[in-house]
Amino acid sequence: MSHRIFSARRILTMNPSQPEATHIAVRDGRVLGVGSLETLSDLGDFELEERFADKVILPGFVEGHSHALEGVLWEYPYAGFFPRQDPDGHTWPGLTDIASLQHHLGEQVAKLDAETPLIAWGFDPIYFPDRRLDRNDLDAVDAERPIVVIHANLHMMTVNSAMLRASGLESQADIEGVVTFEDGRPNGELREMAAMFAIFDSLDLDLFDRGSEEATLERYARIGQRHGVTTLTDLYNPLSEAGVESMQRTCNRDDVPMRLAPAMSALTYTPEDGIERVLGCRDKSSDKLHFGLVKLMTDGSIQGYTARLMWPGYHDGSPNGMWNAEPERLTEIVQRYHQAGLQLHIHTNGDEAVELMLDAIESALELWPRADHRHTLQHCQIISHAQLKRAARLGVCLNMFANHLYYWGDIHRSRTLGFERCQRLEPLASADRLGIPIAAHCDAPVTPLAPLFTAWCAVARQTASGEVLGPNEALSVERALRLITLDAAYTLKLDDRVGSLEVGKFADMAVLDEDPREVPLARLASIGVAATVVGGRVFDNG
């Protein structure tokens, strides 16, 4: 049986037994062998593929924390502070003041039918310190049409008066997360799931479920392909019947360049129903679709002031953040899913949330000991050294939000966390020294899907203004590349299939124009991705 052998200037395999090679043999979508052309010559008849002879091949990147919302939200206008590229390669400009935001929204309103609500996304109030966006600002754009501006962190939104009336929140200011003016009226800002649910319910819109639609998944895969990503996650998926069928239908197509690992949103169900749901879906897994993960939301975001912080709290004295469910319920959920033998991916932005979840995991392990559970704390941005040691002892994985250093590092330094805690923001090196399994992620659509940028953040630790935060937590380029390949696969329990290029694994590759170890650090994030290979099938990015 014949096979193909791809040649390259260099192949970085992430296999410690053979870290580099020049050729890779592929048959039936899997790696048949890696080495030199001479060492692979005894594998039988082959076709030599030399299109990548001057390129550098890495394992296809594994994005261990992202959302198919990245594919959904581009159906709506982007309204973020930073410029951002859409799936078609068009760059939307950043909006750096509220007047620019209003002008942009006004342009979008003019394109809509009179009855159609306007939904925009990407706005971040932390960059507008003089005042908060409120209903009056949006009423000035259109007072009759419902307007929703989803914040970049996905934990907040601002809506206009028409939307408050349509959702019933105008008269329900006592709901947790509904922010008010001094006179007690809702000011249009809504924080966390309980408050935002009323808006989505009124619009009959489930953005997370829409992440399973065929067009959304195709768009999501296309974004990943452009950046060399071959395995994507959707870490908050309700796993509806229609959604599961759509994921099966779409992901299993050969022309869709991604493997997908959706994580069921635990708070959508009771533990009994959720366990039954995810176990039922697990049998529907395939080579390109991996069911079995569970996502639990605990707190909010630090820059949105909804994360739960331990003493002394927020640097600027703002009140502590919010739980997305009562701590007792969160603990019970961890215990129930752990008992069922499932793997949890747990959103923990603040260190108080980390503490609660470490307590929950420890109690679950005492009641139901399990080897190799790989429960993963996601984000854990200011996890303390004492907490790191607990995580190591408990066998917990940590997937850190390295991109946060660039996008919100300056804000954390000056307003939310202060100098000392910013030295341990995303403490990847400390975790690595303790032997904790680590990864790094982008949390798209919160920040753009671009693993080489994530790797750069883990190495440079540079903010948007150029300040370096916590240089003692910096990693080498070589170590950072593992965070976005084999280490990320480990946190998903997929390291036996993807994340490195070695015999038997899927032939998933990111084909780069340059070797990330050889370029100046300033150019690491901008290395071109010439092609993305999924199961041996080449998807050119030219």
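Counting in UniProt numbering, the sequence shown runs from 1 upward without gaps. Cβ coordinates follow ideal geometry from the N, Cα and C atoms, glycine included. Note that this is a predicted model, so its numbers are computed, not measured.
- Query: What span of residues does the beta strand (DSSP E) with residue 343 cover, start to end?
  - Reply: From DSSP, the beta strand (DSSP E) with residue 343 extends over 343–348.
- Message: To the nearest angstrom, how far is the alpha carbon of residue 83 from that of residue 122?
- Response: 10 Å
- Terminal residues of the continuous beta strand (DSSP E) containing residue 259? 259–265
- Task: Check residue 477 in the structure and name its three-state DSSP category.
- Result: Residue 477 falls in the helix class under three-state DSSP.
- Message: Would you call the stretch 386–402 in contact with the stretch 357–366, where contact means no fewer than 3 C-beta pairs closer than 8 Å?
- Response: yes
- Message: Let me check one thing: in DSSP terms, what residues is residue 234 bridge-paired to?
- Response: 262
- So, is residue 388 buried or exposed, given that buried needs 16 or more other C-beta atoms within 10 angstroms? buried
- Task: Give me the Cβ distance between residue 155 and residue 304, rounded to the nearest whole Å; I'm assuming they're in contact under 8 Å.
- Result: 5 Å
- Tell me whether residue 447 is buried or exposed, calling it buried when 16 or more other Cβ atoms sit within 10 Å of its Cβ. Burial is judged here by how many other beta carbons sit within 10 angstroms of a residue's own beta carbon; residue 447 has at least 16 and is buried.
- Message: Quick check for students: name the residue ranges of the beta strand (DSSP E) that lie wholly in the stretch 273–334, counting only runs of 3 or more.
- Response: 293–297
- C-alpha distance - residue 79 paired with residue 349, whole-angstrom precision: 24 Å
- Going straight from the alpha carbon of residue 516 to that of residue 113, what length do you get? 48 Å
- Task: Assign residue 129 to buried or exposed, taking buried as 16 or more other Cβ atoms, counted over all protein chains shown, within 10 Å of its Cβ.
- Result: exposed
- Query: Cα separation between residue 192 and residue 157?
  - Reply: Their backbone Cα atoms lie some 9 Å apart in a straight line.
- Who are the near neighbours of residue 544 in its chain, counting only those whose CB is closer than 6 Å to its CB and skipping five residues on each side? Because residue 544 is not part of the residues shown, which for the chain are 1 to 542, the question remains open.
- Message: Please classify residue 375 as buried or exposed, where buried requires at least 16 neighbouring CB atoms within 10 angstroms.
- Response: buried
- When the Cα of residue 443 is compared with those of 235, 141 and 468, which residue comes out closest? The candidate whose alpha carbon is nearest that of residue 443 is 235.
- Put residue 537 into one of helix, strand or coil per three-state DSSP. strand
- Task: Report yes or no: do three or more beta-carbon pairs, one from the stretch 326–346 and one from the stretch 403–411, lie closer than 8 Å?
- Result: no
- Message: Please classify residue 172 as buried or exposed, where buried requires at least 16 other C-beta atoms within 10 Å of its C-beta.
- Response: exposed
- Item | Three-state secondary structure assigned by DSSP to residue 81 | coil
- Message: Residues in the same chain with beta-carbon distance under 7 Å from residue 445, minus the five sequence neighbours each way, listed in chain order, please.
- Response: 67, 69, 70 and 73
- Query: According to DSSP, is residue 122 helix, strand or coil?
  - Reply: strand
- Write down the C-beta distance between residue 161 and residue 143 rounded to the nearest angstrom, noting that I regard them as a contact closer than 8 Å. 6 Å
- Message: What ranges does the alpha helix (DSSP H) occupy inside the stretch 353–421, keeping only unbroken runs of at least 4 residues that lie completely in it?
- Response: Runs of the alpha helix (DSSP H) inside the stretch 353–421: 385–394 and 404–411.
- Query: Which word fits residue 283, buried or exposed, when buried means at least 16 other C-beta atoms lie within 10 angstroms of its C-beta?
  - Reply: Note on residue 283: under 16 other CB atoms within 10 angstroms of its CB, so exposed under the neighbour-count rule.
- Task: Tell me where the beta strand (DSSP E) around residue 70 begins and ends.
- Result: Not the beta strand (DSSP E): residue 70 falls in the alpha helix (DSSP H), residues 69–72.
- Item | Residue(s) in a DSSP beta bridge with residue 101 | For residue 101, which the question treats as bridged, DSSP gives no partner whatsoever.
- Item | Assigned secondary structure, residue 459 (DSSP; H/G/I helix, E/B strand, else coil) | The answer is helix: DSSP assigns residue 459 an H, G or I state.
- Query: Roughly how many whole angstroms lie between the Cα atoms of residue 461 and residue 526?
  - Reply: 16 Å
- Pull up the distance between the alpha-carbon of residue 61 and that of residue 182, whole angstroms please. Each residue's alpha carbon lies about 49 Å from the other.
- Message: Once DSSP output is grouped into helix, strand and coil, what is the label at residue 467?
- Response: coil
- Item | residue 112: CB within 7 Å of a non-hydrogen atom of the ligand NAD | With respect to the ligand NAD, the structure shown offers nothing to examine, as it has no ligands at all.
- Message: I need the boundaries of the beta strand (DSSP E) containing residue 6, first residue and last residue.
- Response: Run containing residue 6: 3–12, per the beta strand (DSSP E) assignment.
- Message: Starting from residue 20, trace the beta strand (DSSP E) in both directions and tell me its first and last residue.
- Response: 20–27 is the extent of the beta strand (DSSP E) around residue 20.
- Looking only at its own chain, which residues have a Cβ that is under 8 Å from the Cβ of residue 257, when we skip the five neighbours before and after it? 221, 222, 224, 225, 230, 532, 534, 537 and 539
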